[in-house]
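Per this note's numbering, numbering through the sequence shown is continuous, rising by one, with the last residue being 546.
A virtual CB, placed ideally from N, CA and C, is assigned to each residue, including glycine.
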Amino acid sequence: MAYNYWEERFKRLKTAEMRKAERANADLARAYRETLRQLRAEVEQWYDRFAKENKISLAEARRILDNRELKEFKMTLADFIKEAKRLDLDPAHIRMLENASMRVRLTRSQEIYLKTAQYVEKLAKTQGLELGGLMRDVYTDSVYKTAYETQKVTGFENFRAVRERQIEEAISKPWAPDGADFSSRIWKNKTQLINSLQTDITQSLMTGSSTAQLSEKIAARFNTSYNQAYRLVETETAYIQERAMLDTYDELGLEQYQICAVLDSKTSEICQNLDGKVFDRKDAKPGITMPPFHCHCRSTTVPYIEGLLDDGGRVARDPETGKTVEIPDMTYKEWKAKYVKPEAEYLKAEQAKVRRPTEAELRNMGEALLVDLRAVNSAAYRNKFDNMPLRRPVRDTLHKEAINTLNITNGTEKEVLTAIDARTGGVLERSKALEDNRAGFTQEQFDRLKASGASVVLLHNHPTGGRFSWTDIKTVFANDFIAASVVIGHDGSVRTMRGIDHSINVEKIYAGLYNAIKGKYPLKSYAEHKALDKLYELGLFVYDEE
């Protein structure tokens, strides 16, 4: 395999993306310093207004602002509200300011709290924008450079441009054990800082601390908050880069990856032990089977393709002809200009791969088994998948796998069964053998699906079209890990079965329906067909037909 060939390239990619995190943290440090300067000046000014001999008591802080002071502060609040709306700060913070502006009684301590909150809210907004922009940039850049480095070995081909919804899905999905996304972590850090500053101010008033003493406490709180922000930027950047790489492996149809650790005196024990280990893409779990494994983790992943030589070779197998071809030398800039396609253009090219059979093949097949190329290559066909009430990555994979299935089975009675992760959209299993009018998994594949713990969406084709068979329905109800099933016809039809209640004994119900009508029809097959009609009418599952 090409582990040695890819190792240094992917380490360099990791380093380059993490340098972006360093630059973002430098910008964030400047924002923290400026906010600290402004807040300390605000607190000192507040102390000067109310202090006696550079001190102020808790009782004095709790005194109600007089009419002149209240009027002056409400003028400040009006600016705060305008600024908060312009910067799109937390709606809860804006409501707090608006409520305060309507009150006729405000204490001196409430005044300094509101001012403190405004400074911290602005800082949190800056952090959110900085980190959000960083993650979008790192994700997009990592996807393209991972695809380029991989295709330099496997062969160049069209690659779908990164979609906006793809980025949003990646950066908004919680990945750590606590189930919090990066926005929630910023909110938590912000809340902790506001509460800590309020506690420090109150304690300083209780103990009669000087302005200088309180100023030191505020600086210490900001330092702690910045350290938390620094770790957040670094950890989220490390994760989003790895997520981008794994998403690219999915896009390229690579089913395995290998851990690549930076081995030196700083390497953690866990990274040393995992270096070189190979995992299935479907088993990727942050902190367990994919980086980051810990704070400041430098490990990354590389594609794993059985059979590739360690020297990386400049040859690949053409997927259409099956022949070995030499891979041309091409820069990243040239590759991106030639092969990265906008989604509509990419999908059109992929759909066009559903080939029309040769004249010789046509003479040996029924016309009804041919794929309706006009229907399948249309935007309306893509829309049938987009309209499914499933997660976006699942809909994308269903459409891509549908095209692949139709390409394989065009003009034949062969069927292909694919299992897709209902959460991530990753392909879990695909039937190994091509058989006429049936498709299934081996016992080993079936056992892996059950053991994976994943919720699954099934996809298979009916060459002559038509709804789900009794066997299809029975299979879905008998296995509680199956969340939905999709059947595609060569005529361009797409049918979906979802909303399954696995506690229902569907076999008993079907048997009852069949026994009730079997005497009315001389042919068993016709009686079975009518019993299936009745089963559909019962509404035991949601059935969509397009």
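Cβ pair Ile171, Phe182 closer than 9 Å: Contact flag set, yes.
7 Å Cβ shell around Leu417 - same chain, five flanking residues per side excluded: Only Ser431, Ala439, Gly440, Phe441, Leu458 and His460 meet the Cβ criterion.
Residue environment, Thr331, which counts as buried when at least 16 other CB atoms sit within 10 Å: Exposed is the call here.
Residues near Cys295 in its chain [Cβ-Cβ closer than 8 Å; skip 5 each side]: Residues of the same chain with a CB within less than 8 Å of the CB of Cys295, apart from the 5 flanking positions on each side, are Arg231, Glu234 and Thr235 in chain order.
The region 382 to 401 / the region 419 to 430 touching (three or more Cβ pairs under 8 Å): Touching, yes, given that three or more Cβ pairs across the two stretches are closer than 8 Å.
Nonlocal neighbours in the same chain, by C-beta distance under 6 Å from Leu147, ignoring five residues either side: For the sequence presented, residue 147 should be read as Ala rather than Leu. Residues of the same chain with a CB within less than 6 Å of the CB of Ala147, apart from the 5 flanking positions on each side, are Phe159 and Thr248 in chain order.
Whole-angstrom distance between Ala41 and Gln599, CA atom to CA atom: Only positions 1 to 546 of the chain appear in this structure, which leaves residue 599 out of reach.
Proximity to Leu411 [Cα-Cα], best of Tyr381, Pro463, Asp90 and Glu537: Reading off the sequence, residue 411 comes out as Gly, not Leu. Check the Cα spacing between Gly411 and each of Tyr381, Pro463, Asp90 and Glu537: the tightest is with Pro463.
Among Gln110, Leu114 and Asp250, nearest to Phe80 - alpha-carbon criterion: When each option's Cα is compared against that of Phe80, the closest is Leu114.
First and last residue of the uninterrupted beta strand (DSSP E) at Ala484: Note, Ala484: beta strand (DSSP E), Ile482 to Gly489.
Pairwise C-alpha distance: Arg185 and Arg105: In a straight line, the C-alpha of Arg105 is about 34 Å away from that of Arg185.
CB contact flag (Leu406, Ile488, <9 Å): Yes.
Coarse secondary structure for Asp311, derived from DSSP in three states: The pLDDT assigned to Asp311 is 48, lower than 50, so where the model puts this residue is not dependable; a value taken from the coordinates is nonetheless given after this. When secondary structure is reduced to three states using DSSP, Asp311 falls in the coil class, being assigned neither helix nor strand.
Sequence ranges, beta strand (DSSP E) only - wholly within the region 443 to 512, length at least 3: Taken in chain order, the whole beta strand (DSSP E) runs of length 3 or more contained in the region 443 to 512 are 456 to 462, 482 to 489 and 494 to 498.
In DSSP terms, what Arg160 is bridged to: According to DSSP, which records beta bridges pairwise, Arg160 is partnered with Lys341.
Touching by the beta-carbon criterion (3+ pairs, under 8 Å), the region 441 to 456 and the region 490 to 508: As far as the Cβ criterion goes, the region 441 to 456 does not touch the region 490 to 508, which means the pair count is below three.
Spatially closest choice to Asp386 from Arg374, Glu255 and Lys400, by CA coordinates: Among Arg374, Glu255 and Lys400, the Cα nearest to that of Asp386 belongs to Lys400.
Where Cys271 falls: helix, strand or coil (DSSP): Note: Cys271 maps to helix in three-state DSSP.
Neighbourhood of Lys277 by C-beta, 6 Å cutoff - its chain only, sequence neighbours within 5 removed: The answer, listed in chain order, is Ile259.
Cross-strand partners of Ile420 (DSSP beta bridge): BP columns for Ile420 point to Val427 and Val457.
Met135 (DSSP reduced to helix, strand or coil): If DSSP states are grouped into helix, strand and coil, Met135 belongs with the helices.
From Arg9, Gln198 and Leu205, residue whose alpha carbon lies closest to that of Phe50: Nearest C-alpha to Phe50: Leu205.
Residue ranges of each alpha helix (DSSP H) within the region 277 to 302, 4 or longer: Taking only runs of at least 4 residues, no alpha helix (DSSP H) segment lies wholly in the region 277 to 302.
Residue range of the alpha helix (DSSP H) that includes Tyr543: DSSP places Tyr543 outside any alpha helix (DSSP H); the residue lies instead in the beta strand (DSSP E), whose first and last residues are Val542 to Glu545.
Thr107, DSSP secondary structure in three states: Of the three classes helix, strand and coil, the one that applies to Thr107 here is strand, per DSSP.
CA nearest to the CA of Val120, picked from Pro174, Gln166 and Thr35: Restricting attention to Pro174, Gln166 and Thr35, the CA atom closest to the CA of Val120 is found in Thr35.
Inter-residue CB distance, Tyr514 and Glu528 (contact presumed, cutoff 8 Å): In this structure Tyr514 touches Glu528 by the C-beta definition: roughly 6 Å separates them, less than 8 Å.
Given 8 Å, three or more beta-carbon pairs between the region 280 to 288 and the region 220 to 229: In short, these stretches do not touch, since the Cβ pair count stays below three.
N-terminal and C-terminal residue of the beta strand (DSSP E) that Ile259 is part of: Where Ile259 is concerned, the enclosing beta strand (DSSP E) starts and stops at Gln256 to Cys260.
Val506 vs Ala483 beta-carbon contact at 9 Å: Contact flag unset, no.
C-beta contact flag for Trp46 and Arg108 at 9 Å: Going by C-beta atoms, Trp46 is nearer than 9 Å to Arg108.
Own chain, CB closer than 7 Å to Leu70, minus 5 neighbours either side, in chain order: If we look at Leu70 and ignore the five residues flanking it on each side, its Cβ neighbours are Leu106.
Coil, strand or helix - Lys173 by DSSP: Lys173 falls in the coil class under three-state DSSP.
Exposure of Ser265, with buried meaning 16 or more beta-carbon neighbours within 10 Å: Burial call: exposed.
Contact set for Leu58: own chain, Cβ-Cβ below 6 Å, skip 5 residues either direction: Excluding positions up to five away in sequence, the list reads Leu205 and Met206.
The alpha helix (DSSP H) enclosing Asp565, as first and last residue numbers: Any property of residue 565 remains undetermined from this structure, which presents the chain solely from 1 to 546.
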